[in-house]
Structure formats: C-alpha cells, structure tokens
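Worksheet: one structure, shown below.
In our numbering, the protein residues as written are 15 to 240.
So, in structure tokens, the structure goes:
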C-alpha cells in the first residue's frame, strides 16, 4: 500500500451482492430495492472518507470483491481496497488494525457502512483524540466507529457479535487492557425499517437546514413509500 499520511481511515463493508446485504430490511422491502439502497449507503460513506483530510483511505471488503464495485470506487474516491481476513468481525478488525500499524500508521479509525449520515467531524474527533482507543457508540448497543493509536489492542475476542451486548462487552475488554479511552457522541445505524424511516426524515430536515448529508441515500429514499 502507498503510504502518504500517518493516519488511516477504513470503511468496513460487505461486497454489494443481491440478497447478501441489509437482509433484515428484506422483510419490508424487495431485494432489489435493498440492494440499490445499500450501494447508495456505500457511495455516501466513501464520499465521507474522501473528504477526510490528512488520512489515507481504505476499504476493507468482505467476503470478496466479486461485484467489482470497489474496483470502480477505488479510483473514484481515492481508496485502497483490501479483503477482510478472519473468522468473525472482531478478528477481521483486529487483523486490519495490525496490518495498518505494521505499515507504519500511527492512528487508524474503522467505521461501518450502516451509518451513511455519520458526521465527518466525529471521524476528525477520533483522529484528534490522544487516547489509546476511541469508540463511537450507536444507539442499538453496538458502535459505529473504533479507533486505535500506535498499536493494535485485542478488545474483540469473545465479543458476542450481533447481540445487544456488543458495546458493553467491548468496553469491558478495553477496561481489562488498561488502555485509555475516549467515547464519542452516539449515532445511529440503519438495520430495520424503523431506522430507515428515521433516516429519511433526518436527511430531509438536514437538507432544509442547508446541510447536504448523504445525498445519494436521500434522493433514493425519496422514491420509496415508507
């Protein structure tokens, strides 16, 4: 990987494949709509990365890059693409942090693709923190961001991924390591139809206030009767 900065920002994302992304939304929306919505989430998330100053931009793809979406996105958004390696999400994140620090980065931040409206300033707050770890809690008891400084710390092993205890278990593991921690303001993920309805209203209000947030998702949601 070509290194230009001491900081790295990483989007962890699934390769967009029909029927394999945002599947909980398929209870209320047809599969094609969910797929197209997810690609808008990716577009908006990658645009947030593109606008992050002073950091090299990456996308960790899972389980593969067969769709070719990220090959096209690499040049469009100026990102480097790698495949996530590991058995569960925690192992894959730990391996990504280890790879980046081995490459010489001093600070690395990982975000997910479920929060297309995430304020860019939260990412900047994570980079500006002088703590060993930074975590951004989501209102669904998980987290939308995790950042580390100088070395990879295993705070992931044994975390029950997909449960309501992800955040609390991760915080307990951070406490056990003795690492210093900064907690960012909470934000929200999009997993269920209720989340999507909130996002639609939120993005419209933001636009009315003069803020152009997640425009790809916003315009697509306007076509949907939720």
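Virtual Cβ for every residue (Gly too), placed ideally from N, Cα, C.
If residue i and residue j are in contact, beta carbons under 8 Å, what's the gap, nearest whole angstrom?
{"i": "residue 137", "j": "residue 123", "result": "6 Å"}
{"i": "residue 181", "j": "residue 157", "result": "6 Å"}
{"i": "residue 217", "j": "residue 131", "result": "6 Å"}
{"i": "residue 175", "j": "residue 104", "result": "7 Å"}
{"i": "residue 162", "j": "residue 96", "result": "Not a contact, Cβ separation roughly 17 Å."}
How long is the line joining the alpha carbons of residue i and residue j, rounded to whole angstroms?
{"i": "residue 38", "j": "residue 205", "result": "6 Å"}
{"i": "residue 229", "j": "residue 149", "result": "26 Å"}
{"i": "residue 113", "j": "residue 21", "result": "13 Å"}
{"i": "residue 199", "j": "residue 83", "result": "31 Å"}
{"i": "residue 189", "j": "residue 46", "result": "43 Å"}
{"i": "residue 88", "j": "residue 186", "result": "36 Å"}
{"i": "residue 212", "j": "residue 115", "result": "37 Å"}
{"i": "residue 155", "j": "residue 177", "result": "8 Å"}
{"i": "residue 173", "j": "residue 223", "result": "39 Å"}
{"i": "residue 184", "j": "residue 160", "result": "10 Å"}
{"i": "residue 221", "j": "residue 40", "result": "27 Å"}
{"i": "residue 52", "j": "residue 121", "result": "28 Å"}
{"i": "residue 231", "j": "residue 197", "result": "27 Å"}
{"i": "residue 171", "j": "residue 179", "result": "13 Å"}
For residue i, which residues from the same chain have a beta carbon less than 8 Å from its beta carbon, with the 5 sequence-adjacent residues on both sides left out?
{"i": "residue 134", "result": "62, 65 and 66"}
{"i": "residue 106", "result": "26, 74, 76, 98, 99 and 100"}
{"i": "residue 17", "result": "70, 117, 118 and 119"}
{"i": "residue 92", "result": "64 and 71"}
{"i": "residue 80", "result": "29 and 31"}
{"i": "residue 109", "result": "98, 99 and 100"}
Evaluate residue i with the Cβ neighbour count: other Cβ atoms within 10 Å of its Cβ, from every protein chain shown; 16 or more gives buried, anything less gives exposed.
{"i": "residue 219", "result": "exposed"}
{"i": "residue 238", "result": "exposed"}
{"i": "residue 225", "result": "exposed"}
{"i": "residue 143", "result": "buried"}
{"i": "residue 90", "result": "exposed"}
Can you tell which of the options has the C-alpha that lies nearest to the C-alpha of residue i?
{"i": "residue 164", "options": "30, 174 and 146", "result": "146"}
{"i": "residue 33", "options": "50, 23, 214 and 187", "result": "50"}
{"i": "residue 94", "options": "68, 23 and 130", "result": "23"}
{"i": "residue 58", "options": "178, 176 and 125", "result": "125"}
{"i": "residue 35", "options": "159, 81 and 48", "result": "48"}
{"i": "residue 191", "options": "78, 197, 169 and 201", "result": "169"}
{"i": "residue 227", "options": "55, 19 and 44", "result": "55"}
What does a CB cutoff of less than 6 Å around residue i pick up in its chain, not counting 5 residues either side in sequence?
{"i": "residue 128", "result": "203 and 204"}
{"i": "residue 42", "result": "207"}
{"i": "residue 167", "result": "191 and 193"}
Excluding the 5 residues preceding and the 5 following residue i in the sequence, name in chain order all residues of the same chain whose CB lies nearer than 7 Å to its CB.
{"i": "residue 214", "result": "235 and 240"}
{"i": "residue 102", "result": "175"}
Given the structure, does residue i come close to the ligand SAH, in the sense that its CB is under 7 Å from one of the ligand's heavy atoms?
{"i": "residue 48", "result": "Among the ligands in the structure shown, none appear at all, so the ligand SAH cannot be discussed."}
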